[in-house]
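Inspection log for the structure reproduced underneath, given as structure tokens.
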Amino acid sequence: MILILIAIVMSIVLTTLLFVAADSDCGWKGFIAGLTAVILGVATGITVICYCYMVWEWQASAYKVAIINREYGTKYTREEIFYATNVIDTIREIDRKRIEINGNVLKGKESLTKQMKGE
């Protein structure tokens, strides 16, 4: 996360320098610098928005870890919840379905056993 923040700051500095270069030169080099600055500025803006979302999710993962570990008695880490939440949810869903299938199979065996005994 820190590396992404450093890259964003460097991109902002480069965009500013390109805008300054575009103002100081009125030829085709200035036009190219200005066009590059606009494109880089838009890309930096989008990256900043994505970064803010990721920081929000990173902060939320600390709370998710506390709740999941408390409710299920697990020992997940913040990184596991942040990077692998979908995997953890999928595994839990598969386990839930396996329990439901095994439960239905066992119920079927019990009723079959009762029928065989004549109950």
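Residue numbering for the sequence shown follows this note's numbering, beginning at 633 and increasing consecutively. Cβ atoms here follow ideal geometry from the backbone N, Cα and C, with glycine treated the same way. Please read these numbers as outputs of a predicted model, since none were measured by experiment.
Q.
Pop quiz: residue 680 and residue 640 are said to be a contact at Cβ under 8 Å. What is the actual Cβ separation, rounded to whole angstroms?
A. The pair is a contact, with the Cβ atoms about 6 Å apart (cut-off 8 Å).
Please list, in chain order, all residues of the same chain as residue 696 whose beta carbon is under 6 Å from its beta carbon, the five residues on each side excluded. 713
Problem set entry | Which listed residue (670, 693, 663) has its alpha carbon closest to that of residue 718 | 693
Say whether the region 656-671 touches the region 696-707, bearing in mind that this needs 3 or more beta-carbon pairs closer than 8 Å, one atom from each stretch. no
Checking 8 Å against the spacing of the C-beta atoms, do residue 669 and residue 654 come in under that value? yes
If you compare alpha carbons, which of 710, 645, 666 is closest to residue 651? 666
Out of curiosity, what's the CA-to-CA distance linking residue 716 and residue 658? One Cα belongs to residue 716, the other to residue 658, and the distance between them is close to 51 Å.
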